[in-house]
DNA sequence: TAATCAATCGAACGAACGTTCGAACCATGG
DNA sequence: CCATGGTTCGAACGTTCGTTCGATTGATTA
């Protein structure tokens, strides 16, 4: 709270004029964050039918938000369980919607290609891959969100032994950079 | 510190008789943890030549330790940057050794199979997949470390579109369960 | 027995934190 | 002009935290 006060130029007690408690403020930030990510994902998925491409869109969408708001995401990851009381359930509901959306993407892929893998493990592994970047991402070394999403999408979809990385004949999602 | 005092039965000041500060204690825990994981990994890798199998061993080794010490790993992940001063560099060195070992596994795989992918992205993605489990793992739902390592290894090596999950002709690492 | 020394503890210190409270400010409308 | 009410602030309160200190215990040794 004192950090926010200093960074914003508003006095400590001034903050409490707008937010009744630290927990309430964290709740508002979380709600805004997850709602924004989920809304943007839905928009981007519209009109895209190919299951692989839809998963790549999911990866880029999630990754992009995490890279743009890297420090904020770090705080949110650490403060994840700070919402002890009632409002927490609303956040949990949004997260569950997001999770189920991703499970749906996996099920679509399985149906389209006749695959059989554990959707939960796949989704949680994918979340881990992406969420962990706040501990290691460096723009100079690791490239843009598009490049990283491309590489992570390759690993997740075809694995490291596919041997197609950086070569021809590969769909990419660079056209998504011109978004609304 | 007061939590540790209560849980261990040692008085608060008694703890400071053995550990000069909270930061020092955290340093010792981190050192013990990463040294243990790295030593165990080296032992398990001995005598295994196949690059894919070596990566699967790495995944199982890391995953197993994280699941056995799940609560501890949660604390370590959150307290990751709490080591502000000098001793931090020794921990960083151990981590770097661990990281480079994993990079080596990737390079071996690339050499053996003539692949070309970004080792850093692959390793960091793999770390993310595994380290993230402390946020979602449930023994009843997600099975043993062996089962999870198998599924994560499948995803990382061949991707979700490989279609080989749960079928025949697939090497596994269940024999590793009888370890020293 | 007396002296020593490692081990353990209760009590407290100072700092940091989330939060509250009353006063001060300042633009608006009568 | 004054009164009102939204806005902002400094100062403090109570709690928690990491840490320290002096005293007490209990076994060892001269």
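Chains as they are written, first to last, in the working numbering: chain A, 11 to 190; chain B, 11 to 190.
For each residue, glycine too, the CB sits at the ideal point set by N, CA and C.
Would DSSP call residue i helix, strand or coil?
i: residue 24 of chain B; result: helix
i: residue 15 of chain B; result: helix
i: residue 78 of chain B; result: helix
i: residue 142 of chain B; result: helix
i: residue 163 of chain B; result: helix
i: residue 109 of chain B; result: helix
i: residue 33 of chain A; result: helix
i: residue 6 of chain A; result: Any question about residue 6 of chain A goes unanswered here, given that chain A covers just 11 to 190.
i: residue 170 of chain B; result: helix
Measuring only the C-alpha atoms, how far is residue i from residue j?
i: residue 6 of chain A; j: residue 70 of chain A; result: With chain A running from 11 to 190 in the structure shown, residue 6 of chain A is simply not present.
i: residue 118 of chain A; j: residue 127 of chain A; result: 12 angstroms
i: residue 122 of chain B; j: residue 104 of chain B; result: 27 angstroms
i: residue 26 of chain A; j: residue 42 of chain B; result: 43 angstroms
i: residue 18 of chain A; j: residue 147 of chain A; result: 26 angstroms
i: residue 178 of chain A; j: residue 75 of chain B; result: Any reading at residue 178 of chain A must be qualified, since the residue scores a pLDDT of 37, below 50, and its modelled position is unreliable; no value is offered.
Applying a beta-carbon distance threshold of less than 7 angstroms, which residues of chain A neighbour residue i?
i: residue 69 of chain B; result: Going along chain A, no residue has its Cβ under 7 angstroms from residue 69 of chain B, so there is no contact; the nearest lies around 11 angstroms.
i: residue 39 of chain B; result: By Cβ distance, chain A contributes nothing, its closest Cβ being about 18 angstroms from residue 39 of chain B, past 7 angstroms.
Determine, for residue i, whether the minimum Cβ-Cβ distance to residues of chain A falls below 8 angstroms.
i: residue 98 of chain B; result: no
i: residue 104 of chain B; result: no
i: residue 19 of chain B; result: no
i: residue 72 of chain B; result: no
Under 9 angstroms between beta-carbons, which chain B residues line up against residue i? List them in chain order, please.
i: residue 134 of chain A; result: 139, 142, 143, 145, 146, 147, 152
Would you mind telling me which residues of chain A sit closer than 9 angstroms to residue i, beta carbon to beta carbon, in chain order?
i: residue 162 of chain B; result: 131, 135
Thinking C-alpha only, which one of the options is nearest residue i?
i: residue 145 of chain B; options: A/90, A/132, A/146, A/150; result: A/90
i: residue 156 of chain A; options: A/67, A/100, A/122; result: A/67
i: residue 112 of chain A; options: A/134, A/123, A/99, A/98; result: A/134
i: residue 110 of chain A; options: A/87, A/137, A/88; result: A/137
i: residue 3 of chain B; options: A/125, A/129, A/49; result: Only positions 11 to 190 of chain B appear in this structure, which leaves residue 3 of chain B out of reach.
i: residue 34 of chain A; options: A/49, A/48, A/100; result: A/100
i: residue 62 of chain A; options: A/12, A/115, A/132, A/161; result: A/115
i: residue 39 of chain B; options: B/55, B/85, B/57, B/58; result: B/85
Cβ closer than 8 angstroms: which chain B residues qualify as neighbours of residue i?
i: residue 42 of chain A; result: By Cβ distance, chain B contributes nothing, its closest Cβ being about 21 angstroms from residue 42 of chain A, past 8 angstroms.
i: residue 171 of chain A; result: 62, 119, 123, 125, 167, 168
i: residue 48 of chain A; result: By Cβ distance, chain B contributes nothing, its closest Cβ being about 19 angstroms from residue 48 of chain A, past 8 angstroms.
Between residue i and chain B, is any beta-carbon pair separated by less than 8 angstroms?
i: residue 107 of chain A; result: no
i: residue 79 of chain A; result: no
Show which residues of chain A have a CB atom less than 8 angstroms away from the CB atom of residue i.
i: residue 158 of chain B; result: 131
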